[in-house]
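Sequential numbering of the sequence shown, starting at 137, is according to this note's numbering. Where a beta carbon is used, it is the ideal one built from N, C-alpha and C, also for glycine. Quick notes on the structure that follows.
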Amino acid sequence: MSNILIEKLEDAQQTVAFGQRLSQACQQATCIYLHGELGAGKTTLTRGFVQGLGHKGNVKSPTYTLVEPYELADWQIYHFDLYRLSDPEELEFMGIRDYFGETSHSLVEWPERGIGFLPPADIDLTIAYVGEQREITLQANTSNGLSVLNNL
137 MSNILIEKLE DAQQTVAFGQ RLSQACQQAT CIYLHGELGA GKTTLTRGFV QGLGHKGNVK
197 SPTYTLVEPY ELADWQIYHF DLYRLSDPEE LEFMGIRDYF GETSHSLVEW PERGIGFLPP
257 ADIDLTIAYV GEQREITLQA NTSNGLSVLN NL
């Protein structure tokens, strides 16, 4: 199996559905870096991921809070948005290492702004517009990431 998976999604509903499938494919703690322009659908995909693991409430962008936690029965999910991060060292002050445990999935938007303070990604996920559709590219960087791609 290849370490790259590419899918085309027609709209936001398919993006949410893909996020749900992705969450079900993660059988162990997984760190996913989300890449894409503003408005590409990173938070929409995250909404599907969180809902796919049983969250019933709203899923909002943590643009101003840096992290939005979701405590579920079997998992903790941490959705990071580092767009407004002015210095990667701020992550150290917020205790970033505490978020990456054996029962947590972490989805990190704008990970390049946290270089040096984030763990390596199991998967780099890029969302790009191709005409009116979105194209999602997943690249597995670890054996866990490859397992997730195989499960999809």
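Notebook entry, point to check: Looking at the structure shown, is L181 part of a helix, part of a strand, or coil, going by DSSP?
Noted result: helix
Item checked: Reference Q156, options L274, L189 and D258, closest by Cα -> L189
Notebook entry, point to check: Around the Cβ of D258, are there at least 16 other Cβ atoms within 10 angstroms (buried) or fewer (exposed)?
Noted result: buried
Next item on the list: Determine the burial state of L170: buried for a count of at least 16 other Cβ atoms within 10 Å of its Cβ, exposed for fewer.
Entry: buried
Next item on the list: Kindly confirm or deny that the segment 216-234 and the segment 140-160 touch, where touching means at least three C-beta pairs closer than 8 angstroms.
Entry: no
Notebook entry, point to check: Can you round the beta-carbon distance between K196 and E245 to whole angstroms, since I take them to be within the 8 angstroms contact cut?
Noted result: Contact flag wrong, Cβ pair sits at about 13 angstroms.
Next item on the list: Please report the residue range of the beta strand (DSSP E) in which F216 lies.
Entry: Q212 to D217
Next item on the list: Let me know if L174 comes out buried or exposed under the rule of 16 or more other beta-carbons within 10 Å of its beta-carbon.
Entry: exposed
Notebook entry, point to check: Closest to G231 by CA distance: which of S222, L202 and A209 is it?
Noted result: L202
Next item on the list: Keeping to the same chain, check which residues put their C-beta closer than 8 angstroms to that of T166; ignore five residues upstream and five downstream.
Entry: H241, S242, D258, I259, N280, G281 and V284
Next item on the list: Measure the Cβ-Cβ separation of Q164 and E238 and say whether it is below 9 angstroms.
Entry: yes
Checklist line | Cβ-based neighbour list, L221, same chain, cut-off 6 angstroms, excluding 5 preceding and 5 following | finding: R249
Margin query: Using only the alpha-carbon positions, how far apart do N139 and K192 sit?
Written below: 32 angstroms
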